[in-house]
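Peer 1: Protein sequence lines correspond, in order, to chains E and H. Per the working numbering, the first sequence starts with residue 40, numbered consecutively. Per the working numbering, the second sequence starts with residue 40, numbered consecutively. Every residue, glycine too, gets a C-beta built ideally from N, C-alpha and C.
Protein chains: 2
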Amino acid sequence: MAGVSTATVSRALSLPGKVSAGLRARIQAAVAALQYQPNIAARMLAARRSWTVAAIVPTIRNNVSASCLEAIQARLEAAGYTLLIGMTGYEPEREYQITEAFLARGVDGLIYTGASHLPATYAALERHPVPFVNQGVFEPDGPYPCVGFDNREAARLVVQHLLELGHRRIGMVASIQLANDRAAGRIAGVVETLAACGDPGWRVPIVEQCSTIDGGRAGLGLLLALPTPPSAVICGNDILAYGALFEARDRGLRAASELSVIGFGDLDLSEQLGLSTLHVPAAEMGRLAAEYLLARLAGGAPQHATRVEIRLAARASTAPPRALAVDSAP
Amino acid sequence: MAGVSTATVSRALSLPGKVSAGLRARIQAAVAALQYQPNIAARMLAARRSWTVAAIVPTIRNNVSASCLEAIQARLEAAGYTLLIGMTGYEPEREYQITEAFLARGVDGLIYTGASHLPATYAALERHPVPFVNQGVFEPDGPYPCVGFDNREAARLVVQHLLELGHRRIGMVASIQLANDRAAGRIAGVVETLAACGDPGWRVPIVEQCSTIDGGRAGLGLLLALPTPPSAVICGNDILAYGALFEARDRGLRAASELSVIGFGDLDLSEQLGLSTLHVPAAEMGRLAAEYLLARLAGGAPQHATRVEIRLAARASTAPPRALAVDSAP
DNA sequence: GCATCCCCTGCAAGAGCTTACATAGGCGTC
DNA sequence: GACGCCTATGTAAGCTCTTGCAGGGGATGC
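1) Which term fits R88 of chain H, buried or exposed, when burial requires 16 or more other beta carbons within 10 angstroms of its beta carbon?
2) I'd like the list of long-range same chain contacts for E348 of chain E, defined as Cβ closer than 7 angstroms, with 5 residues on each side in sequence excluded.
3) With distances taken from CA atoms, which of E:A334, E:S49, E:A280 and E:I209 is nearest D147 of chain E?
4) Going along chain E in order, which residues have a C-beta closer than 8 angstroms to the C-beta of N102 of chain H?
5) In its own chain, which residues sit with a C-beta less than 7 angstroms from the C-beta of P77 of chain E, not counting the 5 before and 5 after it?
6) So V103 of chain E and G304 of chain E are supposed to be a Cβ contact under 8 angstroms. How far apart are they, rounded?
7) Check whether the stretch 92-102 of chain E touches the stretch 60-70 of chain E, counting contact only when three or more Cβ pairs, one atom from each stretch, lie closer than 8 angstroms.
8) For the stretch 312-319 of chain H against the stretch 345-361 of chain H, do three or more pairs of beta-carbon atoms, one drawn from each stretch, fall closer than 8 angstroms, so that the two count as touching?
9) Should R144 of chain H be flagged as near chain E, meaning a C-beta pair shorter than 8 angstroms?
10) Name the chain H residues whose beta carbon is nearer than 7 angstroms to that of E324 of chain E?
11) Under the three-state reduction of DSSP, which class applies to S214 of chain E: helix, strand or coil?
12) Which residue from E:A194, E:A329 and E:L336 puts its Cα closest to that of C185 of chain E?
13) Please state the DSSP three-state secondary structure of A368 of chain H.
14) Can you name the residues that DSSP bridges to R346 of chain E?
15) Do E297 of chain H and R375 of chain H count as a contact pair if the criterion is CB distance below 8 angstroms?
16) If G210 of chain E sits next to V243 of chain E, beta carbons under 8 angstroms apart, how far is it from one beta carbon to the other, in whole angstroms?
17) Any beta carbon of chain E sitting closer than 8 angstroms to that of E132 of chain H?
18) Applying the 10 Å Cβ sphere with the 16-neighbour rule, what's the burial state of A337 of chain E?
19) What separation, rounded to the nearest whole angstrom, lies between the Cα atoms of R191 of chain E and I245 of chain H?
20) Shortest alpha-carbon distance to V300 of chain E belongs to which of E:C249, E:L217, E:G187 and E:R208?
21) Leaving out five residues on either side along the sequence, give the residues of the same chain with a beta carbon under 6 angstroms from the beta carbon of P131 of chain E.
22) Do you know offhand how far G313 of chain H's Cα is from A294 of chain H's?
23) Check the Cβ-Cβ distances between T45 of chain H and every residue of chain E, and say whether any is below 8 angstroms.
24) Which whole-angstrom value describes the C-beta separation of Q248 of chain E and S214 of chain E, a residue pair presumed to lie in contact below a C-beta threshold of 8 angstroms?
25) Applying the 10 Å Cβ sphere with the 16-neighbour rule, what's the burial state of R225 of chain E?
26) Going along chain H, which residues have a C-beta under 8 angstroms from S89 of chain E?
27) May I ask you to report which of helix, strand or coil DSSP gives N173 of chain H?
28) Ordered along the chain, which non-local residues of its own chain (more than five positions away) have a Cβ less than 8 angstroms from that of I99 of chain E?
29) In this structure, what does DSSP give as the bridge partners for M126 of chain E?
30) What ranges does the beta strand (DSSP E) occupy inside the stretch 242-296 of chain E, keeping only unbroken runs of at least 3 residues that lie completely in it?
31) At a CB-CB cut-off below 8 angstroms, which residues of chain H make contact with T121 of chain E?
32) How should C274 of chain H be labelled, buried or exposed, when 16 other C-beta atoms within 10 angstroms of its C-beta is the threshold for buried?
33) Mind checking which residues open and close the beta strand (DSSP E) that includes T138 of chain E?
34) Could you pull out every residue in the same chain whose Cβ sits closer than 7 angstroms to the Cβ of V365 of chain E, ignoring the five residues on either side in sequence?
35) Residues bridged to S299 of chain E by DSSP?
36) Using beta carbons (cut-off 8 angstroms, strictly below), is Q67 of chain E in contact with chain H?
The structure is reproduced here in structure tokens:
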């Protein structure tokens, strides 16, 4: 209709600069008149490029993941890519299967959460040389590109907040650290910091629970059943912290001075619930992860490891322990 | 390697029944040895089928959407399909663009939330004759296939619960009903039921707000500023209800007898927060929507409209109004 | 005015799979 | 025992786009 070959149309559509202005206009008119839409499958086949990027997350059931995905999506779309979302349910084996499936689908890049993946997963990534980035972790010396923060350091901030408030008996409800380096990093950070700065006589009790409200409840129950229960509880994420908060409330432990609880992540509701927590810039991490991939896909060599700012959001759920509060009264 | 033509391999992989057992085994051995993975782009191109289905939701930032998507994903994957997720942010125009993008990508089917879409969207769906289903609504007489429940009827259940508790002054914080038939249906249900069974002298105040915590807070603020504030507030969804609950708490309105609040949707946290709400089986709707599409894609003609069970979850946030509570004291 | 160079466009060869049609056996039936 | 039909496999023609290569034409420089 425009009186040109398909080759020229193809170039006009994907590399507008390589086609003269007059022709381009004619082609665009024809495209509009014909409602022409390129067949993406044929394009993928011919160009060996799918214009698709996959993000693999454990779950989409919390706003940290959701914010991150939304940000990834927004950035990717602006660059003409489509986002595929995979959900592992925290199962490494499923993560591997999803990886294979996405790779077979010819995704151009992958965004993972965390850096601990099955050897099979990394092997698959090696077989198909596709760029990827681990989001939510910061390991400048590690072999894989990443965008995030150091979970140990984050845990240190949390512990120091509690120590500054005067807590000595600190416990932790962690999420399952098996195959979850972020959970493991947070646990390690808590243990290390307490070993360095905490009460030498106190051995921090840690219980691992699934990241659900009920997990948080159960975890707190376990800690409170100890001969010397903690005065403050660090939770591996905000969901666990919600569970702990609800459980404490149901047991009549109303004030933070009776039991301080602190979380990780800063979900939408955390501010409303007065939960102290470590704020994580989820959307920014998503955006930066997408940015990294786009740079790689454009042939660039972006920064191997990118760090994002985290900060402690101190709210009502943490306060000096009661004994101390009494002591410090005039 | 298996000593057969590519055609036979193709058949062995997609229609195992059409190939003899011996050959099939030989082919499978070769597939395993070669780590052969079919090129999905080529398959899409040749078969004019992408084995991809898209779900378009307003947002993934709440567990109702998330549950629904997870269920869709699970069902689809079992049938060999990949799920594409689109997020509209409640904007019809974006919904249309996403529809076009997915259609260009050659999706085999689409799942929408709600039934009110732009004419352009329906036109695009007509141009590409691809099966789709509207999820979250039930309109047996409507022109489009759907899986869900009747939002008017759901609203009726909510209103009746409040009326039974003795509330007469009922208000509503709705989500924006423009281009959102579910929001509109809930508002209509409230108005109708109150007109039929409520206090004839009471004209139900309704404020529309964005579906956020802050929207809920602001909405409640508006209602409480009325000359005759309501004793019970119906919220268009649980997020708004959370906002209302927090706002009420911050204003010192602690007990449900001072102000009853009821939501819509039953998010994970609603039970913990003691929020009365209308429970919606999100995962089941997702599964059924996927089921519908799979049946259509298999050439069947499944039920045009499928209804799911909803029920009222009465919890602590609704109680008889104070005046009544006092009256009925011995 | 002619040679050189560069830009724009067309040609044609794939990219890897599916599937309609053709073909070759095998088996049942008369 | 021959004929016909059915099933299992092969043949080859697409599916629709991208891209390396080549060629034509205009601009530039001497």
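Peer 2: To lay it out plainly:
1) Under this definition R88 of chain H is an exposed residue.
2) Closer than 7 angstroms at Cβ, skipping near neighbours: P320.
3) Nearest C-alpha to D147 of chain E: E:A334.
4) Per Cβ cutoff of 8 angstroms: R100.
5) Contacts found: L52.
6) 5 angstroms between Cβ atoms; contact.
7) In short, these stretches do not touch, since the Cβ pair count stays below three.
8) The stretch 312-319 of chain H, when compared against the stretch 345-361 of chain H, does touch it at the 8 angstroms Cβ threshold.
9) Taking 8 angstroms as the CB threshold, R144 of chain H lines the interface with chain E.
10) The sequence shown places Met at residue 324 of chain E, not Glu. Those do not exist, as M324 of chain E stays about 16 angstroms from chain H at its closest Cβ, beyond 7 angstroms.
11) The answer is strand: DSSP assigns S214 of chain E an E or B state.
12) For C185 of chain E, the nearest C-alpha among the options comes from E:A329.
13) Per-residue confidence for A368 of chain H stands at a pLDDT of 42, beneath the threshold of 50, marking its modelled position as unreliable; no derived number is given.
14) Here R346 of chain E is bridged, per DSSP, to E:G187.
15) Chain H is shown from 40 up to 369; residue 375 of chain H falls before or after that span and cannot be answered.
16) Confirmed, about 6 angstroms.
17) Cβ-Cβ to chain E under 8 angstroms: no for E132 of chain H.
18) A337 of chain E is exposed by the Cβ-count criterion.
19) Just so you know, the alpha carbons of R191 of chain E and I245 of chain H end up roughly 49 angstroms apart.
20) It is E:R208.
21) Taking P131 of chain E as the centre and dropping the five residues before and after it, the same chain places the C-beta of L157 and A218 closer than 6 angstroms to its C-beta, in chain order.
22) Taking the straight line from one Cα to the other gives about 11 angstroms.
23) T45 of chain H does not count as touching chain E.
24) That belief holds up - the Cβ atoms of Q248 of chain E and S214 of chain E are roughly 7 angstroms apart, short of 8 angstroms.
25) For R225 of chain E, the number of other beta carbons within 10 angstroms of its own is at least 16, and it is reported as buried.
26) The answer, in chain order, is A80.
27) Three-state DSSP puts N173 of chain H in a strand.
28) Here the set comprises A105, L108, I124 and M126.
29) Looking at the DSSP assignment, M126 of chain E forms a beta bridge with E:V96.
30) As summarised for the stretch 242-296 of chain E, the continuous beta strand (DSSP E) elements at least 3 residues long and confined to that stretch are 245-248 and 271-274, given in chain order.
31) Neighbours of T121 of chain E across chain H, judged by C-beta separation under 8 angstroms: L123, A140 and R144.
32) Buried.
33) Per DSSP, T138 of chain E lies in no beta strand (DSSP E); the unbroken alpha helix (DSSP H) holding it starts and ends at P131 to A143.
34) Only weak support exists for where V365 of chain E lies, its pLDDT of 45 falling under 50; the value from the coordinates is given anyway. So no residue of the chain qualifies.
35) E:A271, per the DSSP bridge assignment.
36) No, no contact with chain H.
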